[in-house]
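Those letters in the sequence shown? Residues 617 to 960, per our numbering, in order. Where a beta carbon is used, it is the ideal one built from N, C-alpha and C, also for glycine. Comments concern the structure below.
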Amino acid sequence: MNFKKQGLKNKATNGINSKNKWKSRTDFKKRNSKHKISSIMEIKKYNSKYKSILNNANNRLKNANRRFKNNSFKHTKWSISILAVLMISFLLVFKFGEGRNLKEAMNFTKIQISRLEETESLKRDKLFSIVSKISTRKISDPLEVYDKIAYITIDDGPSQYTSQLLDILDKNNVKATFFMIGPNMKTYKDEVKKISDSGNSLGLHSMTHEVKSLYKTEKSTLEEFDTCNDILKEICGYKTRLIRIPYGSKPYMSESIYNSLVQNNYAIWDWNVDTEDWKSNTTQIVSSVKVAGSDKKKLIVLIHEKKQSVKALDDIISVLKSNGYKILPIKESYEPQNFWNNNI
Ligand SMILES: [Zn+2]
Numbered sequence: 617m618n619f620k621k622q623g624l625k626n627k628a629t630n631g632i633n634s635k636n637k638w639k640s641r642t643d644f645k646k647r648n649s650k651h652k653i654s655s656i657m658e659i660k661k662y663n664s665k666y667k668s669i670l671n672n673a674n675n676r677l678k679n680a681n682r683r684f685k686n687n688s689f690k691h692t693k694w695s696i697s698i699l700a701v702l703m704i705s706f707l708l709v710f711k712f713g714e715g716r717n718l719k720e721a722m723n724f725t726k727i728q729i730s731r732l733e734e735t736e737s738l739k740r741d742k743l744f745s746i747v748s749k750i751s752t753r754k755i756s757d758p759l760e761v762y763d764k765i766a767y768i769t770i771d772d773g774p775s776q777y778t779s780q781l782l783d784i785l786d787k788n789n790v791k792a793t794f795f796m797i798g799p800n801m802k803t804y805k806d807e808v809k810k811i812s813d814s815g816n817s818l819g820l821h822s823m824t825h826e827v828k829s830l831y832k833t834e835k836s837t838l839e840e841f842d843t844c845n846d847i848l849k850e851i852c853g854y855k856t857r858l859i860r861i862p863y864g865s866k867p868y869m870s871e872s873i874y875n876s877l878v879q880n881n882y883a884i885w886d887w888n889v890d891t892e893d894w895k896s897n898t899t900q901i902v903s904s905v906k907v908a909g910s911d912k913k914k915l916i917v918l919i920h921e922k923k924q925s926v927k928a929l930d931d932i933i934s935v936l937k938s939n940g941y942k943i944l945p946i947k948e949s950y951e952p953q954n955f956w957n958n959n960i
């Protein structure tokens with residue numbers, strides 16, 4: 617019974633429960649649908665919210681992108697500008713740098729070359745000096761040592777210009793040969809001494825410098841040079857073999873006079889560069905040396921003790937040096953260069 621009652625009771629309870637169940641299901645459904653609705657609403661709400669957020673985000677992204685693009689364009693512009701400036705600077709620096717280096721290199725090379733030339737020249741000078749001192753056979757031609765030589769010969773002095781000429785020679789560290797006229801030697805004795813003391817060479821250039829009296833006879837020519845030599849000995853204490861014939865050893869002087877002078881141990885020196893300085897200005901004098909003195913191995917330059925020649929001497933020396941000539945004074949041992957010997 618209890619079981620039946622219990623069963624009925626259970627049934628009744630179940631019935632109530634099932635009613636409640638239904639109720640609760642309906643509620644649930646209702647609640648669920650309400651919930652669903654509210655969820656949908658909420659989702660929609662959120663969706664719209666998200667959409668706006670998304671839109672905002674998109675917009676921000678777009679803006680950011682635009683800004684980034686703008687910025688990157690700006691950066692690119694800056695980068696290109698900086699790169700261009702750097703490249704130009706580099707090119708400029710490189711170009712000018714290279715130019716400067718090239719100039720420096722050229723200057724350096726020039727200095728080295730001039731030093732080498734100087735060394736070579738000094739070596740030859742030393743050799744020349746040693747050979748001159750110790751050789752039993754005296755040097756008859758400096759071309760044995762030097763490639764190109766030049767003798768600067770200065771005629772008709774001494775004079776008021778002698779000291780200036782000596783100063784210019786000294787300043788340029790070169791020596792010349794002075795062919796002097798007897799009466800001038802007497803007038804300018806101190807100048808004769810100066811020439812001798814300075815290591816320049818002395819030669820004789822007659823007493824009268826007159827064609828008619830000088831080349832009258834063999835004797836008259838010889839006497840003029842002997843008298844000159846006496847004056848030299850009186851002033852300097854020695855005589856010399858070196859002579860220059862006024863107007864040249866040809867055509868005024870005869871062969872017999874030439875032979876007479878040679879037999880009396882005179883060494884006759886003519887020239888192969890006539891600057892014609894007695895009738896020229898300084899520019900013309902220098903120009904004549906330039907024209908004549910480039911290809912010949914041996915130059916004998918003729919100038920006189922004249923104002924314009926004094927002015928020209930510095931440039932004459934420069935021209936000779938730049939053309940590679942070793943400027944030397946004439947020595948008594950050198951083989952005489954004259955029109956009779958046909959060796960100039
Ligand atoms: Zn003369």
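Every beta strand (DSSP E) stretch that sits fully inside the stretch 729–801 and reaches 3 residues is listed by chain position as 765–773 and 793–796.
Assignment of Leu944 by DSSP, reduced to helix, strand and coil, places it in the coil class. Under the 8 angstroms Cβ criterion, the stretch 868–885 counts as touching the stretch 835–843, having at least three qualifying pairs.
Going by beta carbons, Lys912 and Asn888 fall inside the 8 angstroms limit.
Around the beta-carbon of Tyr762, 16 or more other beta-carbon atoms lie within 10 Å, marking it buried. The DSSP-derived three-state label of Ile861 is coil. Not one heavy atom of ligand 1 falls within 7 angstroms of the beta-carbon of Pro867. Just so you know, the alpha carbons of Gln728 and Trp956 end up roughly 44 angstroms apart. According to DSSP, residue pairing for Ser817 in a beta bridge involves Thr793. The beta carbon of Asn800 sits closer than 8 angstroms to the beta carbons of Asp772, Gly773, Pro774 and Ser775 from its chain, once the five residues preceding and following it are set aside; these are given in chain order. In chain order, Val827 and Tyr831 place their CB closer than 7 angstroms to the CB of Tyr868, counting only its own chain and leaving out the 5 sequence neighbours on each side. Under the criterion of beta carbons closer than 8 angstroms, Ser817 and Lys849 do not qualify as touching, at roughly 16 angstroms.
Residues Thr856, Arg857, Leu858 and Ala883 of the same chain have their beta carbon placed closer than 8 angstroms to that of Glu948, with the five preceding and five following residues left out of the count. Just measuring C-alpha positions, the residue of Ala928, Asp886, Lys742 and Phe744 sitting nearest Gly864 is Asp886. As DSSP reads the structure, Val889 sits in a beta bridge with Val917. Following the DSSP letters along the chain, one finds Lys927 inside the alpha helix (DSSP H) bounded by residues Lys923 to Ser938. In the structure shown, the three-state DSSP call for Ile884 is strand. In terms of Cβ geometry, Ser822 and Phe841 form a close pair [threshold 8 angstroms]. Nearest neighbour of Lys914 by Cα position, chosen from Ser938, Pro758 and Cys844, turns out to be Pro758. Here DSSP, grouped into helix, strand and coil, assigns Asn957 to coil.
In the displayed model, Asn845 falls within a helix according to three-state DSSP. Rounded to whole angstroms, the gap between the alpha carbons of Ser938 and Met703 is 45 angstroms.
Secondary structure of Glu840 (DSSP, three-state): helix. With 6 angstroms as the limit, the residues whose C-beta approaches any heavy atom of ligand 1 more closely are Asp771, Asp772, His821, His825 and Pro862, in sequence along the chain.
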